[in-house]
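This note's numbering numbers the first residue of the sequence shown as 19 and each following residue consecutively. Note that beta-carbon positions come from the ideal geometry of N, C-alpha and C, so glycine has one too. This report refers to the structure that appears directly beneath it.
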Amino acid sequence: SALVGGPGDREKAERISGLCEHPPVNLTGRTSLMGLAALMKHCTLFLGNDAGPMHMAAAVGAPVVSLFGPSDPRVWGPRGHQVEVLYKGLDCRRCFHPTCTRGAKSCMNLISVDEVLDATERFLSPNPQPSNLQPVRS
């Protein structure tokens, strides 16, 4: 497994790596866009938020589990046959505020660890069953 991100994500990636029994290779801030695309083409699963790398992973055919906050996955979601979107669809969605006006009840914080684990397990099972852009709502 590998962690990827920009140079500003390195400290967070090191913290995540430190929590792992079998630490992933930390490539944060050390890949070009071409290198990132090549890595994603061979990955078993991409787990990330609504950002450019998520779209890149879907474009090269990698299985994708994506966490969406205020943006609408029906408009901005990954496209492909192996994608699953976790999204809460709150009434304040598409607010595009730089910080959540609801404080700790933000749309991203409402996606539970169990939901993320369930989605990743669906992809990693012998017969993957992604929901293909069907937002998960509680």
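Local conformation of residue i per DSSP, three classes
i, result
"A69", "coil"
Counterpart residues of residue i in DSSP-defined beta bridges
i, result
"E102", "V83"
"N44", "L21"
"F141", "DSSP lists no partner for F141."
Candidates the options: closest to residue i by CA position
i, options, result
"L108", "H99, E102, T119", "T119"
"V134", "L104, G36, P81, G24", "L104"
"G87", "D68, P42, M74, V43", "D68"
"A76", "K59, R92, P91, L85", "K59"
"Q100", "V93, V131, V82", "V82"
Cβ-heavy atom distance, residue i to the ligand FMN, below 6 Å
i, result
"A31", "Absent from the structure shown: the ligand FMN. Ligands present: none."
Where the alpha helix (DSSP H) through residue i begins and ends
i, result
"I34", "28 to 36"
"P91", "91 to 94"
"L51", "51 to 59"
Residue i versus residue j: straight-line alpha-carbon distance, rounded
i, j, result
"R28", "A56", "20 Å"
"G70", "G53", "14 Å"
"V22", "N44", "7 Å"
"G98", "L37", "31 Å"
"S89", "P96", "12 Å"
"A31", "R48", "12 Å"
"L20", "P41", "The residue you asked about is not Leu; residue 20 is Ala in the sequence shown. Roughly 9 Å between the two C-alpha positions."
"G79", "H73", "10 Å"
"F46", "I129", "In the sequence as presented, Phe is not what sits at residue 46; that position holds Thr. About 24 Å."
"H64", "K106", "Inspection of the sequence shows that residue 64 is occupied by Phe rather than by His. So the two alpha carbons sit approximately 20 Å from each other."
"R33", "G26", "13 Å"
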